[in-house]
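2 protein chains.
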Amino acid sequence: MSERPQPVRSLPPGGTVGILGGGQLGRMLAMAAARLGFRSHIYCPDADRPAADVAAACRAAPYEDEASLAAFAAAVSVVTYEFENVPEATARYLAARVPVWPPPVALAVAQDRLREKSFLTDAGVDTAPFAAIDAAADLPAALRAVGLPAVIKTRRFGYDGKGQAYVADAAQAAEALAALGGGGVLIEGFVTFAREISVIVARGADGAARCYEPVWNVHENHVLARSIVPSGIPAAVAEAAKDIALRIAERLDYVGVMGIEMFLATGDSGPRLFVNEMAPRVHNSGHWTLDACVVSQFEQHIRAICGWPLGTVERHSDAVMANLLGDAVDGWAELAQRPDVAVHIYGKSGAAPGRKMGHVTRLYPRGSNPCTSPLQP
Amino acid sequence: MSERPQPVRSLPPGGTVGILGGGQLGRMLAMAAARLGFRSHIYCPDADRPAADVAAACRAAPYEDEASLAAFAAAVSVVTYEFENVPEATARYLAARVPVWPPPVALAVAQDRLREKSFLTDAGVDTAPFAAIDAAADLPAALRAVGLPAVIKTRRFGYDGKGQAYVADAAQAAEALAALGGGGVLIEGFVTFAREISVIVARGADGAARCYEPVWNVHENHVLARSIVPSGIPAAVAEAAKDIALRIAERLDYVGVMGIEMFLATGDSGPRLFVNEMAPRVHNSGHWTLDACVVSQFEQHIRAICGWPLGTVERHSDAVMANLLGDAVDGWAELAQRPDVAVHIYGKSGAAPGRKMGHVTRLYPRGSNPCTSPLQP
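Heads up: the protein sequence lines correspond to chains A and B, in order. Residues 1 to 377 (this note's numbering) make up the first sequence, in order. Residues 1001 to 1377 (this note's numbering) make up the second sequence, in order.
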């Protein structure tokens, strides 16, 4: 799986970082780059590009436009991406011209849930039991392999609960399979978990890697609602979660920041971690690091892709990060009045229901987070 | 002195903040504005404009170009400035078209050292003894009034020790006066002080005002080298310093953030504070708030000028901020390796000797700053 197409040298301040994607993650990456003295150049096909407002330059063009990509590559010193659905071909085209980090193979693995699960299994990491379903005829064997209840998911382009269906029995499974196109999907056994956590891991160009402390994630309607740190999980489990994240980053010869979502199951045989998803980019569950750490996940990513030493992953405060979804952002005036709350608004043009419009992070002195609830082992 | 030319309403996220000046203070203001969902539009006559790299728009034009100013006013919802040498006429021209905060009168006061000292005296605030010298004939009386040693300063456009001379006797005073043009200057009695401190005060459009904790400033070659918090001064003196800053802001009917530099003298009659200088803008000695507080001085300024409620001024950490002057910025690779150090580089094109190229802030858990040295009363 190792791939290191270009040598990485430290990029001095004043250099230009190219970012594929113009959303809030690109915006926060661009601000982190600016803090270190870099310029950002955004490449984005979308009309709404909040990242462009904090970047020195922006190119609006499709990911398939090779002339635009070539001009972009010529204008920047390194390229990164803010989301995992950038076409792998785009990343490879650019990587032939300019360093691209994280490595394009990480995109390829993350874009295909079957490839992702297989990669994780090969890495010796536990996941929910899974099976590929290429056609309806594969369903009975797949159900026997993973058990019920289960979740059927498209192999590609799913996020925030889109492109997946929970199925309780064989009839529902057949129905969901048909609705998702009859094949080319994955079925996963449903994991009953006590807590959902994630680990933000950063790996530098020199191979040094560090993890922020795992966080407890609370989802609502399949979208991250809150991240809580400390997570309340036992210290040994937190160390195990970090080890898993480090193992994944190492195996991909990764450079940059990655978010690894995990389920923590508890039971008579003790706690057990299952990796649910890996995102080869800065991650929503790491936004709290902007306010609770000296070096945020965004700066850590910029440091890594620019060949700088990683920064500290220590935190000075406890934190609860809450997303502002859809018209929740209209509450900015009230939120701005709360003490100890950092308000972040992404400058997007429209607040469609459920759209991530901003987030708030409430800080507490270390050891005093009232939302942290210790998990009973 | 009160002046409130336009009503202030809360500017919702998505609005555009106009910033006069394109240096590092404008750059950090633009990033703070972006964090709250605003766009920034920079107006700057200089060729090197690091603020433009993080702004949605930038207009390069002289401060006297009324057509450009009118177009700028039409493109923004509120105007502010990053330095106090913006011509007052520019601020007044804009203020007839769009809200300008801090109020232009604050510029007028801060631009003229004689007017500044007179304003402070009228406000009942102690300063060094001072006298105006319009011509050489005024020198003997001025020297009798302020005593020796003294400092002769130009009335306008001095900063970082430029345009001033320390004089120990009458002959040196005559020489310095001649070198500074023979008149139109101010002479100040030299205050022997135990510690130089500053207070960053924020005042909202609603008149609510808050001060960050005073900091201890260490100057080298007339330029701020380090700011240390806590400052080590007695609590009662810190409260007195904040009261002075609040009184100044109130008297100017100020909206925004202001930096007030003070000398703390100790002696048999107890500690005494003298205001040295007021800067109607975000201030170098407040840069530590970016990393040690939930809400930085830059965000506080944006909140104030946009009619938002002020944020908290509490800090979660102790801090030492050190400027990176001139080629000190070339040490970025080593600085980036230090734990608990936040690196800020301004993206300027040339590192002339003494030029402010960036800063670093070292954080310590509260109560553990090894640089804080209690001042003996």
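Idealized CB from N, CA, C, for every residue including glycine.
Per DSSP, which residues does Thr16/A bridge with? Please list them.
Arg39/A
- Query: Of all the residues that make up the segment 1332-1346 of chain B, which are near chain A by a beta-carbon distance shorter than 8 Å?
  - Reply: Per Cβ criterion, the list reads Trp1332, Ala1333, Ala1336, Gln1337, Pro1339, Asp1340, Val1341, Ala1342, Val1343, His1344, Ile1345 and Tyr1346.
- Message: Only counting the same chain, and skipping five residues up and downstream in sequence, which positions put a Cβ closer than 6 Å to that of Glu261/A?
- Response: Ser198, Asn276 and Glu277
### Message
Starting from Tyr166/A, trace the beta strand (DSSP E) in both directions and tell me its first and last residue.
### Response
Gln164 to Val167
- Message: For Thr154/A, list the residues DSSP reports as bridge partners.
- Response: Val185/A
task = Could you tell me how far apart the beta carbons of Ala340/A and Leu324/A are, in whole angstroms, since I believe they sit closer than 8 Å?
result = First, the amino acid is wrong: residue 340/A is Asp here, not Ala. About 17 Å separates the two Cβ atoms, so there is no contact after all.
Check: Hey, Glu88/A and Pro104/A: beta-carbon distance below 9 Å or not?
Finding: yes
Quiz item: From which residue to which residue does the alpha helix (DSSP H) around His301/A run?
Solution: Gln297 to Ile305
Item checked: Within chain A, partners of Ser1317/B - CB distance below 8 Å -> In chain order: His316.
**OP:** Would you kindly work out how many angstroms separate the C-alpha atoms of Ala1033/B and Pro1050/B, rounded to a whole number?
**Re:** 15 Å
Extent of the continuous alpha helix (DSSP H) run through Lys1117/B
Arg1113 to Asp1122
Next on the checklist: Just checking: is the beta-carbon of Gly37/A within a distance shorter than 9 Å of some beta-carbon in chain B?
Outcome noted: yes
Q) How would you label Gln376/A, buried or exposed, when you count the other beta carbons within 10 angstroms and need 16 or more for buried? A) Residue environment: Gln376/A is assigned as exposed (fewer than 16 neighbouring CB atoms within 10 Å of its CB, all protein chains considered).
Val1017/B CB to nearest chain A CB: under 9 Å? no
Review point. Taking the beta strand (DSSP E) that Pro1365/B falls in, what are its first and last residues?
Key: For Pro1365/B, the uninterrupted beta strand (DSSP E) segment begins and ends at Lys1356 to Pro1365.
Unbroken stretches of the beta strand (DSSP E), 3 residues or longer, contained in the segment 202-232 of chain A: 209-211, 215-220 and 223-229
Practice task
Would you tell me roughly how many angstroms separate the C-alpha atoms of Val1017/B and Gly347/A, rounded to the nearest one?
Solution key: Cα to Cα, the separation comes out at about 13 Å.
Nearest neighbour of Thr312/A, chosen from Pro149/A, Ala131/A and Glu299/A [CA to CA]
Of the listed residues, the one whose Cα sits closest to Thr312/A is Glu299/A.
Review point. Can you name the residues of chain B whose CB is closer than 7 Å to the CB of Pro309/A?
Key: Ala1336 and Gln1337
Interface flag, Ala1052/B vs chain A, CB-CB below 9 Å: yes
Q. Using the beta-carbon of each residue, which ones in chain A are nearer than 8 Å to Ala1034/B?
A. Arg27, Met31, Asp53, Val54 and Gly347
Can you tell me the Cβ-Cβ gap for Val78/A and Val109/A, rounded? I've got them flagged as a contact below 8 Å.
Not confirmed; about 21 Å, so no contact.
Original post:
If you draw a straight line from the C-alpha of Val1125/B to the C-alpha of Phe1274/B, how long is it?
Top reply: 7 Å
Answer yes or no: does any C-beta atom of chain B fall closer than 9 Å to that of Leu380/A?
The structure shown does not extend to residue 380/A, since chain A is modelled only from 1 to 377, so the question has no answer here.
Determine the direct distance from the alpha carbon of Asp1327/B to that of Tyr43/A, and round the result to whole angstroms.
33 Å
Measure the alpha-carbon distance for Arg1039/B versus Ala342/A and round it to whole angstroms. 18 Å
Residue burial classification, His222/A (beta-carbon count within 10 angstroms, cutoff 16) = exposed
Exercise. Sort out for me which residues DSSP pairs Cys293/A with in a bridge.
Key: Arg315/A
- request: Whole angstroms is fine: what's the gap from Val1360/B's alpha carbon to Ala1322/B's?
  value: 5 Å
What residues of chain A sit near Asp1291/B, judged by a beta carbon separation below 7 Å?
Val294
Practice task
For chain A, find out if any of its Cβ atoms is closer than 9 Å to the Cβ of Thr1312/B; answer yes or no.
Solution key: Using beta-carbon distances, Thr1312/B counts as an interface residue toward chain A, with a partner under 9 Å.
| task | Determine the closest residue to Thr1154/B out of Phe1193/B, Pro1129/B, Leu1114/B and Ala1170/B, with distance taken between C-alpha atoms. | result | Per the Cα distances, Leu1114/B.
(message) Give me, in chain order, the residues of the same chain whose beta-carbon lies closer than 7 Å to that of Glu3/A; leave out the 5 immediate sequence neighbours on both sides.
(response) Legend: pLDDT at Glu3/A = 48, less than 50; position of this residue unreliable, value from coordinates given subsequently. Here the set comprises Pro103, Val105 and Asp253.
Under a three-way DSSP split, which group does Asn1369/B fall into? Reduced to three states, the DSSP call for Asn1369/B is coil.
Quick one: residues in its chain with C-beta nearer than 7 Å to the C-beta of Pro13/A, no 5 flanking neighbours on either side, listed in chain order? Leu36, Gly37 and Phe38
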